[in-house]
Structures are given as structure tokens and as C-alpha cells.
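In the numbering used here, the protein residues as written are 328 to 775.
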């Protein structure tokens, strides 16, 4: 097997992944400024409304939706696993329970164990015991009080509400509230990452793929969150089967996020772990039929993510059940006893809402959103200067160095982003209105 040393030396499934790919996409429209009202005051023109339409050749930064997804599964709490990303499974977790279970070998479950505990609540002592599956509440949910709308962190908060079990409850093992909650607000993801919401999961796959049978045009993908900012939108997408295990797609058509996708399931003969491969790159105006004709070499500059067939642990099984399937928890419940999952095998790929919370599945994270918040609090906004100098947008701030600077159009599209290498940043932009964001501070500016 060819392994990846982190420098793009390749994998067993084709060209090396280029994981930090970004592209810029130009739109051939024209920036025209319409003045609705012009008021003369002290010989100064005041513009009461400016309407912007794009400028010829002006580049608008392309955002690859796949790049937000982590390359590896979660291992121990708040930690990514390491190794070959196409076969490394990480650890398994029951939904809302921050106990990492081994992905190999035998794991006991609580039906085999004695000891002090209180039944009927997520504060049950057994919840806290490391390395054991918890199934005292039956096949559906490992704890009572589950809600359809709850998130992973909500379950963790209920679990620790009354504190940890007394010291010495379990032989050779003591837990603390901080140890159970972890360092990311109750999320099992590393800092800067989180489990995908249902809307974010749809940015990975929003269409039920059945290999060899896909020929869909203008399919409406509903309530998709591409950026992770909580803004859900509907998009039109095309899907085509290439062979019995490969499907391509042209997704988010007619938007700045229009992307060509490659989905392929790899049956590795003689190996227990198979792999689902996803590649994504700018479509650059290609149609779905042109994308279908691309060779693997045409996908060589795409962002790539591998999702190993992780299998699962059920509460009644001591061993991992593989069966060439993969189950990845979404961070949201679907009802009191079930939660959403991304699931795939060698026949189909879909997002399911039927998987019981007591099962232990793998976790794959998405990066936290770094754009403007829905409700911006301008505390210390006076420290951020945003203005115009020699026709350029100028951003300056004490200790601006290494801060991410985002510039948005009035429609909320990112048109520029960079990490500052000094305390002053100058950007050449066409005349217009822009929103500039640094950290949690946002300011509007007009470039004249």
C-alpha cells in the first residue's frame, strides 16, 4: 500500500490529494452604481442608496464546500486519529456520550457488569464508565429524556448536571465533569471543529445515491448549509452514474459555490476496511455530461476526503460489526431514540434518520465557521479601522497580524479573505459597499 506522508505522495486510489485547494471564479457581469438620491450638504455629495452589480473580470473567491470537512475521524475525546486516512477508523461513540470506545476487539456492555448505579437518567453512573457500552435504557436510547431536537452537547449537559459519580465508584477509574465534557463545550470534536448539523451534512451528500442507477437533473437540494453559518438554502444539482460504484455530480448550480463532485466506493479485495472517496473541485463551467467524461487525472487537483467503512458497535454485540458499511453520526437527533447519520456501503449513500442512539458509530467533523455572526456585537469596534486610502480598502488594527480578514458583498458573499501579515492590510476593490470582518468585529465601508 502507498501511504500518504502529508506531502501529497499519493494513496492506493489514484492521484495524490491536494487538500488546500482554493480557486477564484469570475463572473462576467458589470458593476454599475445607481444613485437613488443625491443630497447637497456643505458642497458634499451624500449617497442615500448605492446598488451594486458585479464588475467585468472582477474575481470572486470560490469556496470549496468539501474543504471544511476534516481529513480524519475523531479518536480519543477532542482528538483526531492519525494514520492512513483511507483506512483509519478512529474511535466509536454512542450519540451524546463522550466515552471513546475502541474500534477493534471486544468491548463489554453494561448487561455484563454489576456495581452501584442509578437507573433512569443520563446521570446514571454507568454513563461515565470508560470503555463500556451503555444500554440500560433498552435498544433505542442509552439514556432517558431524549428529545427530537436535541444536539450532542445537550445530552452531555444533562449528563453532568448533577456532577460526577463519587470517587472510587469504579475500580481503578475515577471520572470528573471536566474530563467527561472535554475541552470543546461538550462536543467530542477538537477545538475549532464540531459535528456537522443536518444542514451541514447535506453539503457532503444531499441526494440518495444508488450506484449504477443515477440520472438526475435539476434535483432540488433543500436546507443546505455550505459555510456552517446556520444559513440554509436550496440548490439545484445534477447527478450521473459513471459505473456501478462511482457517481459524479454538478452541485449548487448557478451560485458562487458551483462544484463538481466525484463519489466512489472502493472494494479493497482481501481487506476488512473499504473506503468511500469524495473529491470536489470548481466546475469551471463544465456541464454534468462533461464532468462524467472526466478521467481520474482530471480530478487530480480536487480536494479529496476518504471515509473508511467503520462498521459499528451495537449494545448487544461485544465485537465490531463491519459488513462493508460505514456510519457517521450527525450532531443532531431525529427523535427521542434516534439520530441522523451519514451512511454508505457498496450499494448506496444517504443521510438516514433511523439509527438508534445506543449504537456506537464513528465521528467526522467540520471546521467552525469564521465568517460574520448573525448578530454582530461591536465591542471594541473602535480598535478596528476600516476605510479608504488611494482608492484601496484599508484595514488596520492593533495586533492585526495573523488575524483572518473577510470582505463581504452586500449579498453576503465572501469576495476576499486573507490572514494579515502586518497590522495594516490594503486591498484593491472596485467602488461599492462592503462589510469587513475581523474576529467578532464587523464594519461597513464605501469605496468611492
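The beta-carbon is built from N, C-alpha and C at its ideal position, and this holds for glycine as well.
For the pair of segments examined, the region 722–730 was found not to touch the region 545–559: the number of CB pairs separated by less than 8 Å stays below three. For secondary structure counted as the alpha helix (DSSP H) over 4 or more consecutive residues, the region 649–719 holds no complete run.
By the C-beta criterion, the region 613–628 is judged not to be in contact with the region 414–426, since fewer than 3 inter-stretch pairs fall below 8 Å. By the neighbour-count criterion, in which 16 or more other beta carbons inside 10 Å mark a residue as buried, residue 415 falls on the buried side. Distance from the CA atom of residue 475 to the CA atom of residue 508, rounded to whole angstroms, is 22 Å. Here residue 514 has 479, 480, 521 and 522 as same chain residues with Cβ atoms under 7 Å from its own Cβ, once five neighbours each way along the sequence are excluded. For residue 663, the closest alpha carbon among the candidates 715, 423 and 757 is that of 423. Judged by their CB atoms, residue 673 and residue 572 are nearer to each other than the 8 Å cut-off. Rounded to whole angstroms, residue 753 and residue 585 show a C-alpha spacing of 29 Å. Annotation: residue 414 is outside any beta strand (DSSP E) and is labelled neither H nor E by DSSP.
In its chain, beyond the 5 residues on either side, 392, 551, 552 and 553 have a beta carbon closer than 7 Å to the beta carbon of residue 530.
Taking 8 Å as the upper bound for CB-CB distance, residue 659 and residue 653 are not in contact here, some 19 Å apart. Secondary structure at residue 486: helix, using DSSP grouped into helix, strand and coil. For residue 734, the closest of 546, 757, 764 and 657 by C-alpha to C-alpha distance is 764. Here residue 390 carries a coil assignment [DSSP, helix/strand/coil]. Per DSSP, the beta-bridge partners of residue 520 are 694. The alpha helix (DSSP H) runs lying completely inside the region 568–651 and spanning 4 residues or more are 615–619, given in chain order. Looking at the DSSP output, residue 396 sits in a beta bridge with 693. In this structure, residue 483 keeps its C-beta atom at 8 Å or more from the C-beta atom of residue 504.
Rounded to the nearest whole angstrom, the CA to CA distance from residue 402 to residue 717 is 51 Å. The closest CA to that of residue 590, considering only 715, 770, 619 and 562, is found on 619. By DSSP's assignment, residue 545 forms no beta bridge with any residue.
By the CB criterion at 8 Å, residue 684 and residue 467 fall inside the cutoff. Two segments are said to touch when three or more pairs of C-beta atoms, one from each, lie closer than 8 Å; by this definition the region 561–571 does not touch the region 683–697. For the pair residue 632 and residue 469, the CB atoms are not nearer than the 8 Å cut-off. In the DSSP assignment, residue 529 falls within the alpha helix (DSSP H) that extends over 525–531.
Nearest to residue 675 by C-alpha distance, out of 429, 711 and 603, is 603. In the displayed model, residue 505 falls within a helix according to three-state DSSP. Around the CB of residue 547, fewer than 16 other CB atoms lie within 10 Å, so the residue is classed as exposed.
Within the same chain, Cβ atoms closer than 6 Å to the Cβ of residue 539 are found at 568 and 571, the five residues on either side in sequence being excluded.
The closest CA to that of residue 712, considering only 583, 740 and 750, is found on 750. Within the model, the alpha-carbon separation for residue 575 versus residue 773 is close to 42 Å. Of the candidates 427, 394 and 390, the residue whose Cα lies closest to the Cα of residue 407 is 427.
When 489, 669, 635 and 607 are compared, the shortest CA-CA separation from residue 533 is found for 669. Taking 8 Å as the upper bound for CB-CB distance, residue 460 and residue 640 are in contact here, some 6 Å apart. Shown here for residue 600: same chain residues with a beta carbon closer than 6 Å to its own, the five before and five after excluded, namely 414, 635 and 636 in chain order.
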